[in-house]
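Q: Quick one: the structure is below, and I'll ask about it shortly.
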Ligand SMILES: [Zn+2]
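Numbering (this note's numbering), first residue to last: 4 to 470.
What follows is the structure, given as structure tokens:
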């Protein structure tokens with residue numbers, strides 16, 4: 004819990020940074036002045052939003068196509084496509100069917116022959132959705148044959164904006180050299196001539212009998228109609244006003260995301276955070292000014308088990324009364340939690356230690372209950388109702404040198420579980436050893452080092468059989 008509280012504390016400190024980011028973005032937003040326009044002031048926001056919807060739905064559509072048996076075949080070698088290369092609208096030709104074998108299912112890519120635009124920087128026309136009605140606005144492709152060049156590369160499917168109905172002939176593989184090279188280049192020259200040709204129309208998706216595909220396609224059709232029928236599309240400065248709207252939209256979206264994450268964090272953390280802080284204050288892990296105290300520092304060393312109870316155990320100096328093997332046995336309660344029918348036979352000393360752990364956990368629990376800290380069952384410090392002490396005898400005997408075969412006769416707990424518990428216990432012993440260093444307790448430090456030696460024995464050899 005203490006780690007949780009402190010990491011939450013770190014998040015809290017991040018909040019002002021977050022708020023600053025919102026302020027900066029808001030300042031940016033104020034700088035983006037949109038020219039007043041009688042048409043666009045009224046209609047552009049809606050038009051632009053529909054354009055963004057169209058882009059998003061296109062991405063969704065192509066993802067669906069790629070996993071559909073018939074759709075996948077539409078990604079066929081030679082097919083002309085349009086994609087966004089770092090925001091610049093770029094034509095290309097598919098080199099292989101479906102997604103590239105090199106890509107993953109989560110991030111599919113296409114193997115593409117890029118027809119280079121010779122533009123490095125995007126312009127206003129690149130912001131438009133790729134719908135037939137807007138092709139007249141697009142920046143022309145290279146017109147001189149000597150300016151036409153290609154490159155092969157992998158394109159993320161998310162950058163694809165149009166799978167056209169046009170399958171090129173005579174380009175592949177001739178463009179890579181040989182007799183047909185000049186002819187292939189001539190073909191590319193023709194493709195580049197104009198955006199106003201039906202080769203750029205999207206391929207017909209009617210053959211796909213898939214509800215999800217049709218659902219997305221029809222939503223996308225609606226978005227397209229909304230964009231092109233918008234009165235804003237007839238504005239004389241359409242491109243410029245669309246771009247200004249886009250800038251504004253980008254910043255607004257950014258602010259919204261920041262706001263959202265801010266409020267989510269606040270909602271999740273704040274009430275519980277205050278309560279947890281109160282618990283840490285009551286138990287003196289931190290002082291009234293939330294400064295971390297020695298106890299808190301010790302608790303930060305503990306990563307396995309219940310750090311609050313374990314810290315109490317260390318700082319109440321409980322372990323001083325016990326031998327290393329006994330300490331190992333007692334600490335097993337912090338790493339073991341499983342039902343067992345075997346009742347461990349414990350020495351009077353260990354019985355006493357067990358009772359002390361239960362008392363300490365009840366003390367910690369009482370404070371948490373007082374402050375109504377909600378605990379997940381995983382982080383609960385409950386040592387009474389949960390079977391935590393079931394491996395004490397096993398660990399005690401193991402530490403005292405009994406063979407692994409013999410200790411398995413002491414319990415019905417599975418051998419693999421025993422090995423895991425001892426391995427985790429080694430880690431807990433190391434943490435308590437570090438804690439001893441922090442509080443300056445050389446005796447405890449020595450004991451923990453000894454306990455580690457004793458339980459480690461040949462457990463790594465045994466472990467290899469079970470893990
Ligand atoms: Zn306008």
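A virtual CB, placed ideally from N, CA and C, is assigned to each residue, including glycine.
Beta carbon of residue 195, beta carbon of residue 144: below 8 Å?
A: In the chain shown, counting from the first residue as 1, residue 195 sits at position 192. In the chain shown, counting from the first residue as 1, residue 144 sits at position 141. Yes. Within cutoff.
Q: Who are the near neighbours of residue 9 in its chain, counting only those whose CB is closer than 6 Å to its CB and skipping five residues on each side?
A: The residue given as residue 9 occupies position 6 in the chain shown. Because the pLDDT of residue 9 is 46, which lies under 50, any placement of that residue in the model is unreliable, and the number read from its coordinates should be weighed accordingly. Counting only Cβ-Cβ distances below 6 Å, and skipping sequence neighbours, we find nothing.
Q: Return the chain-ordered list of same chain residues with a C-beta closer than 7 Å to the C-beta of residue 135, the five sequence neighbours on each side being excluded.
A: If you number the chain shown from 1, residue 135 lands on position 132. Within the same chain, 204 come within 7 Å of residue 135 by CB-CB distance, once the 5 residues on both sides are set aside.
Q: Nearest-angstrom Cα distance between residue 11 and residue 253?
A: Counted from its first residue, the chain shown places residue 11 at position 8. Counted from its first residue, the chain shown places residue 253 at position 250. Per-residue confidence for residue 11 stands at a pLDDT of 44, beneath the threshold of 50, marking its modelled position as unreliable; no derived number is given.
Q: Would you mind giving the Cβ-Cβ distance between residue 187 and residue 178, rounded to the nearest angstrom? I have them listed as a contact below 8 Å.
A: In the chain shown, residue 187 corresponds to position 184, counting from 1. In the chain shown, residue 178 corresponds to position 175, counting from 1. Indeed, because the Cβ distance is near 4 Å, the residues count as touching under 8 Å.
Q: Please state the DSSP three-state secondary structure of residue 411.
A: As a working note, residue 411 is residue 408 in the chain shown. Helix at residue 411.
Q: Would you mind stating whether residue 333 and residue 360 have Cβ atoms separated by less than 8 Å?
A: Against the chain shown, residue 333 aligns to sequence position 330. Against the chain shown, residue 360 aligns to sequence position 357. Yes.
Q: According to DSSP, is residue 11 part of a helix, a strand, or is it coil?
A: For the purposes of this step, residue 11 is identified with residue 8 of the chain shown, where counting begins at 1. Only weak support is given to the placement of residue 11: the predicted model assigns it a pLDDT of 44, under 50, and the question is left unresolved by the model.
Q: Taking buried to mean at least 16 other C-beta atoms within 10 Å of its own C-beta, is residue 223 buried or exposed?
A: The residue you call residue 223 lines up with position 220 of the chain shown. Its Cβ being crowded by 16 or more others within 10 Å, residue 223 is buried.
Q: Using a threshold of 8 Å, state whether the C-beta atoms of residue 216 and residue 67 are closer than that.
A: Reading the chain shown from its first residue, position 213 is the one you call residue 216. Reading the chain shown from its first residue, position 64 is the one you call residue 67. Closer than 8 Å, so yes.
Q: Please list, in chain order, all residues of the same chain as residue 6 whose beta carbon is under 6 Å from its beta carbon, the five residues on each side excluded.
A: By 1-based counting over the chain shown, the position of residue 6 is 3. The predicted position of residue 6 is uncertain, since its pLDDT is 45 and thus under 50; no value can be drawn from it.
Q: Just verifying my parser: in three-state terms, what is the DSSP assignment at residue 205?
A: Walking along the chain shown from the start, residue 205 turns up at place 202. For residue 205, the three-state secondary structure derived from DSSP is strand.
Q: Is residue 53 near ligand 1 - that is, is its Cβ less than 7 Å away from at least one heavy atom of it?
A: As a first step, residue 53 must be located in the chain shown, where it is residue number 50. No.
Q: Buried or exposed for residue 1, going by 16 or more other Cβ atoms inside 10 Å?
A: Here the chain covers residues 4 to 470 and nothing more, so residue 1 does not appear.
Q: Report whether the distance from the Cβ of residue 240 to the nearest heavy atom of ligand 1 is below 7 Å.
A: Numbered from its first residue, the chain shown carries residue 240 at position 237. Under cutoff, so the answer is yes.
Q: Considering Cα atoms alone, identify which of 42, 71, 90 and 243 is closest to residue 124.
A: By 1-based counting over the chain shown, the position of residue 124 is 121. Closest in C-alpha terms to residue 124, from the list 42, 71, 90 and 243, comes 90.
Q: Three or more beta-carbon pairs under 8 Å between the segment 313 to 328 and the segment 440 to 451, yes or no?
A: yes
Q: Going by DSSP, which residues form a beta bridge with residue 165?
A: Looking up residue 165 in the chain shown gives position 162. DSSP, once it has assigned bridges, lists 85 as partnering residue 165.
Q: Nearest-angstrom Cα distance between residue 435 and residue 352?
A: Taking the first residue of the chain shown as 1, we reach residue 435 at position 432. Taking the first residue of the chain shown as 1, we reach residue 352 at position 349. Straight-line Cα distance between these residues: approximately 20 Å.
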